[in-house]
Amino acid sequence: MRNLLLIFLLARLGFVTHAAEITTTFEVTLNGQKFSVNAEASINVMVDGKELKLSACEKPEKTFSDSNISFAFPATHAVTKEVADTVTTWTLDGQDNVLILMKMKGVNPSEVGKETVQALRKQYGAKSKVSNCSITLGSETVIGKKITAVLVGELINQEVYELLTSSDGYILIIQDSGESESAETRAAKSLLKQSFKRTAVPTPKQSK
Numbered sequence: 033m034r035n036l037l038l039i040f041l042l043a044r045l046g047f048v049t050h051a052a053e054i055t056t057t058f059e060v061t062l063n064g065q066k067f068s069v070n071a072e073a074s075i076n077v078m079v080d081g082k083e084l085k086l087s088a089c090e091k092p093e094k095t096f097s098d099s100n101i102s103f104a105f106p107a108t109h110a111v112t113k114e115v116a117d118t119v120t121t122w123t124l125d126g127q128d129n130v131l132i133l134m135k136m137k138g139v140n141p142s143e144v145g146k147e148t149v150q151a152l153r154k155q156y157g158a159k160s161k162v163s164n165c166s167i168t169l170g171s172e173t174v175i176g177k178k179i180t181a182v183l184v185g186e187l188i189n190q191e192v193y194e195l196l197t198s199s200d201g202y203i204l205i206i207q208d209s210g211e212s213e214s215a216e217t218r219a220a221k222s223l224l225k226q227s228f229k230r231t232a233v234p235t236p237k238q239s240k
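What follows is the structure, given as structure tokens:
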């Protein structure tokens with residue numbers, strides 16, 4: 033699992049530039065009639081003999097939701113999903129920020145979280161640093177580990193958090209670059225604080 037983690041993480045260290053030349057087009061149906069309208073634009077349409085102005089815009093966030101976890105994230109993030117054996121990885125890739133969520137079926141994430149931090153630090157070299165960090169996810173504060181390293185002349189920060197749900201374990205990695213936290217990462221964290229939900233964590237059985 034450690035090698036699998038590194039393959040996914042190191043493949044995602046580049047950052048995406050969003051092209052202004054790309055336009056999002058929506059297909060809207062009104063009373064059975066279909067119309068196409070570009071985002072942030074408006075068109076005049078005739079519906080049942082009446083002229084109407086039709087407009088559409090993208091919400092600034094999208095929603096991730098599986099059977100255990102849900103949260104909002106910036107709509108500008110590109111989304112990829114990869115499945116390998118019992119591990120599913122979603123990568124939400126922005127320009128300055130990357131969110132990586134790994135789901136491990138039926139696994140407690142505590143040991144995997146430790147292995148992740150150790151493997152990343154080994155990969156980045158002796159000059160990498162590990163410190164404590166925390167994040168507010170919904171109504172709870174989660175403690176994690178932050179790895180700081182220089183990669184190809186750029187300062188990389190990765191926060192690693194372990195999340196246990198009623199059935200599966202998750203690792204959430206929040207990646208940013210630069211000396212100070214980017215506006216995109218601040219926006220992603222704000223959405224996580226406002227929207228994050230997970231199924232109840234099972235209560236440990238007490239020994240008799």
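Using our numbering, the first residue of the sequence shown is number 33, and each one after it goes up by one.
C-beta: ideal position from N, C-alpha, C; glycine also.
Quantities reported herein were computed from a predicted structural model and do not represent experimental measurements.
Under the three-state DSSP convention, the category residue i falls into
i, result
"glutamine 65", "strand"
"leucine 223", "helix"
"alanine 71", "coil"
"valine 115", "strand"
"alanine 107", "coil"
"valine 149", "helix"
"alanine 158", "coil"
"threonine 217", "helix"
"serine 166", "strand"
"glutamate 186", "strand"
"valine 139", "coil"
Proximity of residue i and residue j at Cβ, strictly below 9 Å
i, j, result
"tyrosine 202", "lysine 135", "yes"
"threonine 148", "lysine 137", "no"
"isoleucine 101", "threonine 231", "yes"
"serine 97", "serine 199", "no"
C-alpha gap between residue i and residue j, whole angstroms
i, j, result
"serine 222", "valine 130", "14 Å"
"leucine 204", "leucine 84", "45 Å"
"histidine 50", "glutamate 90", "Because histidine 50 carries a pLDDT of 48, less than 50, the predicted location of this residue cannot be relied on, and the following value inherits that uncertainty. Computed Cα separation, rounded: 15 Å."
"asparagine 70", "asparagine 63", "20 Å"
"glycine 81", "lysine 94", "35 Å"
"tryptophan 122", "valine 111", "7 Å"
"threonine 55", "glutamine 150", "42 Å"
"serine 160", "isoleucine 175", "20 Å"
"asparagine 164", "serine 227", "24 Å"
"valine 79", "histidine 109", "35 Å"
"threonine 197", "threonine 61", "39 Å"
Candidates the options: closest to residue i by CA position
i, options, result
"serine 74", "Gly81, Asp80, Glu59 and Gly210", "Glu59"
"aspartate 208", "Asp125, Ile175, Thr148 and Gln150", "Asp125"
"glutamine 65", "Ser214, Leu86 and Val184", "Leu86"
"leucine 224", "Thr173, Lys159, Gln150 and Gly157", "Thr173"
"alanine 107", "Glu211, Lys177, Ile175 and Pro92", "Pro92"
"isoleucine 167", "Gly210, Ala220, Val79 and Met78", "Ala220"
"leucine 187", "Ser171, Leu195, Leu169 and Glu211", "Glu211"
"aspartate 128", "Ser227, Lys229 and Ser214", "Ser214"
"threonine 180", "Ser171, Lys229, Leu196 and Tyr156", "Tyr156"
Exercise for review: Give a yes or no on contact between the stretch 109-118 and the stretch 143-156, applying the rule of three or more CB pairs nearer than 8 Å.
Suggested key: no
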